[in-house]
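The next block holds one structure in the form of structure tokens; read it before the comments.
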Amino acid sequence: MTTLATSAAFQSTLAATDSVAINWLEELQKGGMTGMVLIALAFAGVFFIIERLINLRRKVIIPAEAVIEKAAALNPGDVAGADDLYQSAPSTFTKVVSHMAEYHGSEHSVLMDSAADIAGRDIDRQNRRSYGIGVIATLAPLLGLLGTMVGMIEAFAKFAKLEDSAEAALVLGDSIGKALITTAIGLIIAIPALGVHHWLKVRMARYADELEEAIDRVSHRWFLKGQSK
Numbered sequence: 001m002t003t004l005a006t007s008a009a010f011q012s013t014l015a016a017t018d019s020v021a022i023n024w025l026e027e028l029q030k031g032g033m034t035g036m037v038l039i040a041l042a043f044a045g046v047f048f049i050i051e052r053l054i055n056l057r058r059k060v061i062i063p064a065e066a067v068i069e070k071a072a073a074l075n076p077g078d079v080a081g082a083d084d085l086y087q088s089a090p091s092t093f094t095k096v097v098s099h100m101a102e103y104h105g106s107e108h109s110v111l112m113d114s115a116a117d118i119a120g121r122d123i124d125r126q127n128r129r130s131y132g133i134g135v136i137a138t139l140a141p142l143l144g145l146l147g148t149m150v151g152m153i154e155a156f157a158k159f160a161k162l163e164d165s166a167e168a169a170l171v172l173g174d175s176i177g178k179a180l181i182t183t184a185i186g187l188i189i190a191i192p193a194l195g196v197h198h199w200l201k202v203r204m205a206r207y208a209d210e211l212e213e214a215i216d217r218v219s220h221r222w223f224l225k226g227q228s229k
């Protein structure tokens, strides 16, 4: 009978704890200064992601197919036409085409090397603007772990000063819960930030490949025109 009563009491206690709702806003406030820093990182991460989604679009690197065809159809020395194309559809591609038109009389290998440098600088500039997201993805879990470790140290310091075992257990449980919240916040921030960071890297690599193909298309067309003459 005692065992059954104990089991029933345990099941009742378990049901009561399962019904307890967690107020996540209060839990975030328990994170203390580390939690506030993590929340600031979260807002910074959202800002960086929105900025990249707005500014890192395909047309910034490569314009529409019609523009690429217009560029390929230009005469190699048509600087005015290349500049007009750049003004009407500003992008890394049209910037490179304008450069190629301006220095079309240079040796082909030298011209293509300089064009590759211009394209590479633009690609690097876009990649650097995504570094902030990667930094947040790296810092967030580390700050969360730091907050947890500080909280655990404080929890055990409080536990050591209490003589009543029941009271000590309550204090220890509450303190550990407060300490772990920073790790949870850090992971919640880091996981999507890391995913977006790698997605942006893959996206940028795809744009770079498409840019190289488009520049090669223009180069071959212009080079063949030069040979035919």
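Residue numbers (full-length UniProt numbering): 1 to 229. Note that CB positions come from ideal geometry on N, CA and C, so glycine has one too. Quick caveat, the model's predicted, so the values are computed rather than measured.
- Judged by beta-carbon spacing, V196 lies within the 8 Å limit of I49, meaning their Cβ atoms are closer than that value.
- Around P141, the same chain offers G186, L187 and A190 as residues with beta carbons nearer than 7 Å, after the five sequence neighbours per side are excluded.
- Short of 8 Å from the beta carbon of G77, and not among the five residues preceding or following it, lie these beta carbons of its own chain, in chain order: A101, H104 and G105.
- Residues of the same chain with a CB within less than 7 Å of the CB of G45, apart from the 5 flanking positions on each side, are I133, I136, I189 and A193 in chain order.
- Taken through DSSP and simplified to helix, strand or coil, L180 comes out as helix.
- The criterion of a C-beta distance shorter than 8 Å is satisfied by S91 and I61.
- In terms of Cβ geometry, Y207 and R52 do not form a close pair [threshold 8 Å].
- Annotation: the continuous alpha helix (DSSP H) that includes L38 extends over G32 to N55.
- DSSP, reduced to helix, strand and coil, places L74 outside both helices and strands of the structure shown, so it counts as coil.
- Put simply, the backbone Cα of V110 is about 55 Å away from that of G147.
- For H99, the enclosing alpha helix (DSSP H) stretches over residues T92 to E102.
- Spanning the alpha carbons of A72 and A80 requires a straight line of approximately 14 Å.
- A Cβ-Cβ distance of about 50 Å is found for the pair V67 and T34, leaving them out of contact under the 8 Å criterion.
- For P63 against A89, the beta-carbon gap comes to about 4 Å, under 8 Å, which counts as contact.
- Rounded to the nearest whole angstrom, the C-alpha separation of L74 and N127 is 31 Å.
- For G105, the secondary structure class from DSSP, reduced to helix, strand or coil, is coil.
- The straight-line gap separating the alpha-carbon atoms of E69 and S130 is approximately 31 Å.
- Spatial neighbours of L85 in its own chain (CB-CB distance under 7 Å, excluding positions within 5 residues in sequence) are listed in chain order as V67, K70, A71, T94 and V97.
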